[in-house]
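Chains as they are written, first to last, in our numbering: chain D, 1 to 350; chain G, 1001 to 1350.
Don't be surprised by glycine CBs; every beta carbon is placed ideally from N, CA and C.
Below is one structure, written out as structure tokens; comments come after it.
Protein chains: 2
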Amino acid sequence: MWQGEVGMRIILIGFGVVGKSVTAIIARRYSERVKDYGFNPKIVAIVDVDGAVINPRGLSAEKLETLRQKGFPISKDPEFGHPGMSALDVIESVEAEVVVEVTPVNIKNGEPAMSHITKAFKTGKHVVTTNKGPLALALPALMELAEYNNVYFRFSGTVGGGTPMLEFAKRCLAGDKILAIKGILNGTTNYILTEMAQKRVTFQEALSNAQKLGYAETDPTMDVEGFDTACKIVILANWVMNRKVTLRDVDRTGIRGVTLQELDEAAKRGNTIKLIGAIDGEGKPTVKPMEIPKTSPLCVSGVLNAVTFHTEFAGEQTLVGKGAGGVETASAVLRDLLEIRRRLASKMLS
Amino acid sequence: MWQGEVGMRIILIGFGVVGKSVTAIIARRYSERVKDYGFNPKIVAIVDVDGAVINPRGLSAEKLETLRQKGFPISKDPEFGHPGMSALDVIESVEAEVVVEVTPVNIKNGEPAMSHITKAFKTGKHVVTTNKGPLALALPALMELAEYNNVYFRFSGTVGGGTPMLEFAKRCLAGDKILAIKGILNGTTNYILTEMAQKRVTFQEALSNAQKLGYAETDPTMDVEGFDTACKIVILANWVMNRKVTLRDVDRTGIRGVTLQELDEAAKRGNTIKLIGAIDGEGKPTVKPMEIPKTSPLCVSGVLNAVTFHTEFAGEQTLVGKGAGGVETASAVLRDLLEIRRRLASKMLS
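Structure below.
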């Protein structure tokens, strides 16, 4: 190993769209990554609901490709399959530096991700997750637990998908003071409101279109009732503004009540209605439909996300990008792994 | 000094709008800065065209305030004034870690900033500048010279004013690959084109309005002929995309030729015309009026700036903010000072 190279063994939990994209990015750009960053990640285990695939020496690019193509159930793999082995068992028994947690979101109790993350912390493993559930319910406690166990906890894929909203606030605005944050943080509701305003269709029609296109789930509650936006504003509040808040602190209204008439009236004033998540230094975090000027940089259309940071010196700064997508979100995981790698390397030097 | 605190003595060259704002920010937030970042900056000298003010122990917040209020000539200061002393003399003779260069832009030969910067490098001082001139003419050579002299060279205020476009690309998109950059990088021309499109006035009328409001200079050549945008695209090309290019490599067209008829025709297609600076991995950097969709996040109005990074994995990411302003640009200087401080501190640890 050349100076500064840090080996990184990864346990990947969850093998859906994001999980598969994580393996694809790591496999495909493996050689470039080493060249650019002295970064040598190896996926030593993948766990899905049926069991695990484990190779302590690292699953090869070819093996990852095969697993991706075959898909569920992964644990039938003749070489490395462990049918029925649970994520908790794998975290406990497989040697690794980092757990990447990309299982489905659950905002009732955060499970199974909550258990995976806390188990990882307790066994001394860093965690990268794209799972908003545990963070929305218990981010202040999770950040403390990570610190207590002396491990890193990163989750840039939870807000903005591949758009680095958390890093932007934390790293690019250093030296300034962020006074407030306001954002369109959910692509599904933005698509629905854009359709309603531009094509003059009702909420129900726009929702059906979104479902047909795969932008909305069969049960659209998480999106249209504003839970997803609320999760993201909680994460921004904790990570960027040092506010100790959770999902229950958010004053939340969804978009079911937005009417064509309201959109028309807003349009007369040069405005439109968007579902806005907002937080400042003191008040309650809010999620609600709000009128914003069409000329505002925040006023993006379709499934785009946008967030505006109000800063003391540099004024308003708006970041716009796709808020979802497998490859995009996987790129956020890679970013987090590189950030952990950078911090580990500078610890080794000191 | 507590662990990690780095003293930083600063020579400030140029005491116009940006220079004054730099002293204001450092003085006003002095105590907070130390608390937040263990960062202890002291301005030990200020140089303007009439001479210098020097206090090797650091000019106090009160003294900085007095100088700001009195303004030109600064060197008459009864305590610390040195009438007629040149910037080069000060850089040579005053002990300091960093030179902050904020004199007026000159794209003919980059002077006097070019001499200030190279003198600083040769005397072992880090440089923070907001001055595009020397960078547009000789950025590849200046980066080499800084490296040769083992000093840091930072210039985030040269692109986007307070909007951290350079940092965003370099720090937030790590792990991804930037394939191309496209931006509205000049507020004056954006104001003129926005006025023409929205109020249906000619280029000349819009320019006059911009001049009345102080958005355009009496000689508007730098802005309307696209030189300012070209300087910024050169800086992005070198810093973000590792392209070794200078101002003479840019294919540049200004906005004098944009007519109301062209704007009307673009509007019929749902588009508008903006002055766009663009660079990709291989071709010539370009600056020219281009038609872009009104729904594009890049399509910002008034004096706003916006830049879109096309990345391999995370898709298109657009950053929008004010592109100029004394306090905003000074906040970029502070950001650069903190970045240098961070790098010096991690060197001390290793």
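Skipping 5 residues on each side, what residues in its chain have a beta carbon closer than 8 Å to that of D/Arg256? Phe203, Val224 and Glu225
For D/Arg341, which of G/Val1098, G/Ser1075 and G/Ala1174 has the nearest alpha-carbon? G/Ala1174
Between G/Val1159 and G/Val1102, which are expected to be in contact by the criterion C-beta below 8 Å, what is the C-beta distance as a whole number of angstroms? G/Val1159 to G/Val1102, Cβ: 15 Å. No contact.
Evaluate contact between the stretch 1132 to 1141 of chain G and the stretch 1236 to 1254 of chain G, counting only Cβ atoms and requiring at least three cross-stretch pairs below 8 Å. yes
Determine, using beta-carbon pairs with one atom in the stretch 193 to 211 of chain D and one in the stretch 90 to 108 of chain D, whether at least three such pairs fall under 8 Å. no
When the Cα atoms are used, what is the spatial distance from G/Ala1169 to G/Ile1178? 8 Å
Looking at the C-beta of D/Gly175, does it have a partner C-beta in chain G at a distance below 8 Å? yes
For D/Ala197, name the three-state secondary structure that DSSP assigns. helix
Three CB pairs or more closer than 8 Å across the stretch 262 to 272 of chain D and the stretch 291 to 307 of chain D: yes
Are the stretch 328 to 346 of chain D and the stretch 1021 to 1029 of chain G touching, with three or more C-beta to C-beta distances below 8 Å? no
Contact check, G/Leu1088 vs G/Ala1045, beta carbons under 8 Å: no
What residues in the stretch 280 to 301 of chain D bring their beta carbon closer than 7 Å to a beta carbon of chain G? Thr295, Pro297, Val300 and Ser301
Per DSSP, what kind of secondary structure is G/Asn1271 in: helix, strand or coil? strand
Cβ of G/Phe1153 within 8 Å of any chain D Cβ: no
For D/Lys182, the first and last residue of its enclosing beta strand (DSSP E): Ile178 to Ile184
What separation, rounded to the nearest whole angstrom, lies between the Cα atoms of D/Ser75 and D/Lys322? 33 Å
List the residues that DSSP assigns as beta-bridge partners of G/His1310. G/Ala1180 and G/Glu1316
Inter-residue Cα distance where the pair is G/Gly1161 and G/Val1303: 12 Å
Is there a Cβ of chain G sitting closer than 8 Å to that of D/Leu319, yes or no? yes
Could you give the DSSP three-state label for D/Val128: helix, strand or coil? strand
Anything in chain D within Cβ reach of G/Arg1343, meaning under 7 Å, just list it in chain order. None at all; the shortest Cβ gap to chain D is about 11 Å.
Can you tell me whether D/Leu213 is helix, strand or coil according to DSSP? coil
At a CB-CB cut-off below 7 Å, which residues of chain G make contact with D/Val327? Phe1313
Taking its Cβ as the centre, do 16 or more other Cβ atoms sit within 10 Å of G/Val1333, making it buried, or is it exposed? buried
Distance check for D/Ile181 and D/Glu316, CA to CA, integer angstroms please. 10 Å
Answer yes or no: do G/Thr1329 and G/Thr1130 have a C-beta to C-beta separation smaller than 8 Å? yes
Pull up the distance between the alpha-carbon of D/Glu262 and that of G/Lys1199, whole angstroms please. 28 Å
Expressed to the nearest angstrom, what Euclidean distance is found between the alpha-carbon atoms of D/Gly351 and D/Phe313? Since the first and last residues shown for chain D are 1 and 350, residue 351 of chain D lies out of range.
Determine the closest residue to D/Met85 out of D/Gly51, D/Thr118, D/Met114 and D/Met165, with distance taken between C-alpha atoms. D/Gly51
Sequence-distant residues of the same chain with beta carbon closer than 6 Å to D/Tyr152, five excluded per side: His126 and Ile340
How about G/Cys1231 and G/Lys1132: are their beta carbons less than 8 Å apart? yes
Endpoints, beta strand (DSSP E) assigned at D/Ala45: Phe39 to Asp48
Verify the contact flag: G/Ser1296, CB atom, against every heavy atom of the ligand COA, threshold strictly below 7 Å. Only the bare structure without any ligand can be found here, which leaves the ligand COA out of the picture.
Select from D/Thr229, D/Gly187, D/Ile233 and D/Val98 the residue whose C-alpha is nearest the C-alpha of D/Gln211. D/Gly187
Close Cβ partners of G/Gly1081 (< 8 Å) along its chain, the five nearest in sequence each way excluded: Gly1051, Ala1052, Val1053, Ile1074 and Ser1075
Cβ closer than 9 Å: which chain D residues qualify as neighbours of G/Ser1060? Here the premise fails: no neighbours, minimum Cβ distance about 22 Å.
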